[in-house]
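When the letters of the sequence shown are read in order and numbered with mature numbering (1 follows the signal peptide of the UniProt record, and there is no 0), they come out as residues -16 to -1, 1 to 270. The beta-carbon is built from N, C-alpha and C at its ideal position, and this holds for glycine as well. Because the structure is a prediction, the values reported are computed rather than measured. Down below is the structure, laid out as structure tokens.
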Amino acid sequence: MIRTAALLTLASYVLGHGYISEYYVADRHHDGSNYSTAGPAIRGVPGDLGYVKYWNLNTPNVVCNENGNQPAEQVVEANAGDIVKMRWKGDRGPTGDYWGHYEGPVISWLVPCNGDCTQFTPDENTMMFKLDEAGLDTSKDRSPQGFWPTRPSGQGQWAQDKLSTEQQSWWSTTIPYDLQDGQYLLRHEIINLSSAQTPDGGGHTWPGGIQSYPQCIQLNVKNGQGVVPPLVKATEVYTQDDMFLDIYNPGPDGIASYKIPGPKPYVPGSAGNQKRMRRHARRNSH
């Protein structure tokens, strides 16, 4: 009986989690991870497909999840300006293999490896910058009940809901065309907010706090323009306010806005504009 209970607990814990099962760089297909095991150029995730707990969001585990410190064996060749399209495999949706959560943002980051990504281990000083983000779009209605097991409260469409209901569990991001050449981790992150009310999950799921699901693809980027976007320390991105919030109150519709953790995404070309603005300011000061 104890063994059965333990297995049921594990099954309920794994339910709703997921991983990047395949991806494209430009039009070139690549295998993702095999369940939790690393793929040729993508780092693995925890064996239970779990997330970074709130108490680890300010540790190096936040970069590529708790099994992602171990590098993959290869890097994928990419050009600056390429589109990367990733599929998050889960256990929900009409075909039973869509991403398994629906309330929270989807974020893309790049992490400079400062050399060979196959030898790179994240630490307390690892830096990164944000490529794009999507959170709560209050201009859209919530996805229809029935397609997805949602709670009755909620206002607007969350990026995770869009990921599955409109994009069949695929998400795309673009490598900046002006990026400095080199090797990077493409850190793709989904944050589930359904139990973020309190450290104990508010009676929904233990532990509580936000659930960060990052996974990292190792890229070798070429043909860029030498720009290093402003970087932030990965272990300092998430604040206490980011870790705990109740998206269901005030009722009945829940929160009407949501601040995505971290800085604003880098806008390609903006580094050159900033340089021109500084030169213009210097000329005007004389």
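Worksheet entry | Any 3 or more C-beta pairs closer than 8 Å across the stretch 9 to 27 and the stretch 76 to 83 | no
Item to complete: Evaluate the contact criterion for the stretch 48 to 59 versus the stretch 28 to 36: three or more CB pairs, one atom per stretch, below 8 Å.
Response: yes
Discussion item. Tell me whether the stretch 217 to 224 and the stretch 61 to 68 touch, counting them as touching only if at least three CB pairs, one residue from each stretch, are closer than 8 Å.
Written reply: no
Worksheet item: Leaving out five residues before and five after Y250 in sequence, what residues of the same chain have Cβ atoms less than 6 Å from its Cβ?
Response: The residue labelled residue 250 in the question sits at position 266 within the sequence shown. Correct list, in chain order: F113 and P213.
Worksheet item: So the beta strand (DSSP E) C200 belongs to, where does it begin and stop?
Response: On the sequence shown, residue 200 is found 216 positions in, with the first residue counted as 1. Its beta strand (DSSP E) spans residues Q195 to K206.
Worksheet item: So what's E57 in DSSP terms, helix, strand or just coil?
Response: On the sequence shown, residue 57 is found 73 positions in, with the first residue counted as 1. Note: E57 maps to coil in three-state DSSP.
Worksheet item: Which first and last residues belong to the alpha helix (DSSP H) in which A143 is found?
Response: In the sequence shown, counting from the first residue as 1, residue 143 sits at position 159. Element bounds for A143: A143 to T149.
Worksheet item: Closest by CA to G28, which one among K69, Q199 and N207?
Response: Locating residue 28 in the sequence shown gives position 44, where the first residue counts as 1. Selected option, being the one with the closest Cα: Q199.
Worksheet item: CA-CA distance, Q54 and T105?
Response: Mapped onto the sequence shown, residue 54 falls at position 70. Mapped onto the sequence shown, residue 105 falls at position 121. Spanning the two alpha carbons is a distance of roughly 7 Å.
Worksheet entry | Distance, N45 Cα to E108 Cα | On the sequence shown, residue 108 is found 124 positions in, with the first residue counted as 1. On the sequence shown, residue 45 is found 61 positions in, with the first residue counted as 1. Distance between the alpha carbons of E108 and N45 is about 9 Å.
Worksheet item: Hey, quick one: how far does the alpha helix (DSSP H) through V46 stretch, first residue to last?
Response: Taking the sequence shown and counting its residues from 1, the one referred to as residue 46 is at position 62. Segment N45 to C48, the alpha helix (DSSP H) holding V46.
Worksheet item: Do M111 and L215 have their CB atoms nearer than 7 Å?
Response: By one-based count along the sequence shown, residue 111 stands at place 127. By one-based count along the sequence shown, residue 215 stands at place 231. Cβ distance < 7 Å, so M111 and L215 count as in contact.
Practice prompt. With DSSP collapsed to three states, give me the class of S20.
Written response: The residue you call residue 20 lines up with position 36 of the sequence shown. If DSSP states are grouped into helix, strand and coil, S20 belongs with coil.
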